[in-house]
Amino acid sequence: MMTANFSTKTLIVGSFVTIVVFLSGPFGYKFLGVGLQSSLIAVLIAVLGGVILSIAAGFFVFKSIRNSAVSDRNLCLISLIIGLLPLIIMTPQIVAAVSVPPIHDISTDTQNPPAFVEKKLSRIGAQNGPEYGDAVWPAERLAAATLSAYPELRPINSSLERSKAVEKSREVLQAMGLEIISVDFEAGRLEALGTSFWFGFKDDIVVRVQEAPNANGVRIDIRSKSRVGQSDLGVNAKRVLVFIKRFTSTN
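Take the sequence shown: its letters are residues 398 to 648, numbered as in this note's numbering.
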């Protein structure tokens, strides 16, 4: 029993260490300037370590049940659950990584994407620049991937006057929890900034409101682009879709 007791306590300590390592990844990058690669490695170590720890905890659960060691059993169950937390948290990201194309720039207008103006200078030095397309994903290839993966992302056609459409766009962006950077009624352009919770990744958003081609109402295009990373795991497309749904739900 002494060995089992010691093993149980070791599992508990190990499970909490796993959580600390897991949290050190995103928060170290977000608050302490730790490199992205090092942060991602910390997350990977925590996920793999947590799985191994949970397997060991499961073994000791059966052992403690056989020995009628209720205290050990409960502690092992706690260790098992805590050890699986990193994997549980990361599972949606893992699924997204294999189910969406590795792109990070989404626009409802892939032929003439809304341009970043206010955020152009702040993107200098960022891993991903303000232009549409890059060496890995040239504009044409990026446009094709976007239309194939997200066919539901289309421009909004509204009967609202241009100024009212701009104001409504501002309200929608605010309701989505985005930081409004600029609102230009004359140009029909809004820019905003999104920040992820875990890593603090920055995504730039621009909304363009222009007269509809048929001169009846306005056409609204939305673009969302990540400053860091090759794949956004579908975050930008989801953001654009949320904007479209919120805007059109009361249109």
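C-beta atoms are modelled at their ideal positions from N, C-alpha and C, and glycine is treated no differently.
Query, Result
"For the alpha helix (DSSP H) containing N471, name the first residue and the last one.", "467 to 496"
"Please go through the segment 542 to 587 and give each complete beta strand (DSSP E) segment of 3 or more residues, from N-terminal end onward.", "553 to 555, 576 to 581"
"Let me know the secondary structure DSSP gives A589 once reduced to three states.", "strand"
"Quick one: grab the DSSP three-state call for V514.", "coil"
"For L544, collect the residues of the same chain with a Cβ closer than 6 Å to its Cβ; drop the 5 residues on either side in sequence, then sort them by chain order.", "none"
"Roughly how many whole angstroms lie between the Cα atoms of M573 and F640?", "8 Å"
"Note down the Cα distance separating T400 from V410, rounded to an integer number of angstroms.", "Note that T400 has pLDDT 47, beneath the 50 cutoff, so the model's placement of it is unreliable and the number below is only indicative. The straight-line gap from Cα to Cα measures roughly 15 Å."
"Per the DSSP calculation, V606 is bridged to which residue(s)?", "I617"
"Put I500 into one of helix, strand or coil per three-state DSSP.", "coil"
"Is the number of C-beta pairs between the segment 418 to 436 and the segment 458 to 471 that are closer than 8 Å three or more?", "no"
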